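Peer 1: Dumping the structure here so I can ask a few things about it.
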Amino acid sequence: MSNRHQNLPAARRKGQLPTKVCLTCGLPFEWRKKWLTVWDEVRYCSERCRRNRHLNNGH
Numbered sequence: 001m002s003n004r005h006q007n008l009p010a011a012r013r014k015g016q017l018p019t020k021v022c023l024t025c026g027l028p029f030e031w032r033k034k035w036l037t038v039w040d041e042v043r044y045c046s047e048r049c050r051r052n053r054h055l056n057n058g059h
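Following our numbering, the numbering of the sequence shown begins with 1 at its first residue and continues without gaps.
This is the structure:
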């Protein structure tokens, strides 16, 4: 087995991923790899919710 993977953090199981609640639809969503560097800034579960943020009707 190669030593190149020894310094990587242990993978998290799907149930252990951080979650947030979408500000538009109110549904919970989980961390995604593409949000690795911007997770603190993520507020919406999808592009659709981000576009419709002004239509938030209090779900």
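Heads up, the beta-carbon is just placed ideally off N, CA and C, and yes, glycines get one too.
Since the model is a prediction, treat every value here as computed from it, not as a measurement.
1) So which of 52, 19, 54 has the shortest CA-CA distance to residue 28?
2) Would you kindly report the start and end of the unbroken alpha helix (DSSP H) that includes residue 47?
3) Can you list, in chain order, the residues of its chain whose CB lies under 6 Å from that of residue 46, leaving out five sequence neighbours each side?
4) Along the chain, where does the beta strand (DSSP E) that runs through residue 21 open and close?
5) Just to check my reading of the structure: residue 23 and residue 43 have Cβ atoms closer than 8 Å, yes? What is that Cβ distance to the nearest angstrom?
6) Please return the same chain residues whose Cβ sits closer than 8 Å to the Cβ of residue 39, not counting the five positions on each side in sequence.
Peer 2: Checking against the coordinates, here is how it stands:
1) Here the closest residue by C-alpha is 19.
2) Its alpha helix (DSSP H) spans residues 47-51.
3) Taking C-beta separations shorter than 6 Å and ignoring five residues to either side along the sequence, residue 46 has no partners in its chain.
4) Residues 19-21.
5) Yes, they are in contact, since the Cβ atoms of residue 23 and residue 43 sit about 5 Å apart, within 8 Å.
6) Beyond the five residues adjoining it in sequence on each side, residue 39 comes within less than 8 Å, by CB distance, of 18, 31 in the same chain, given in chain order.
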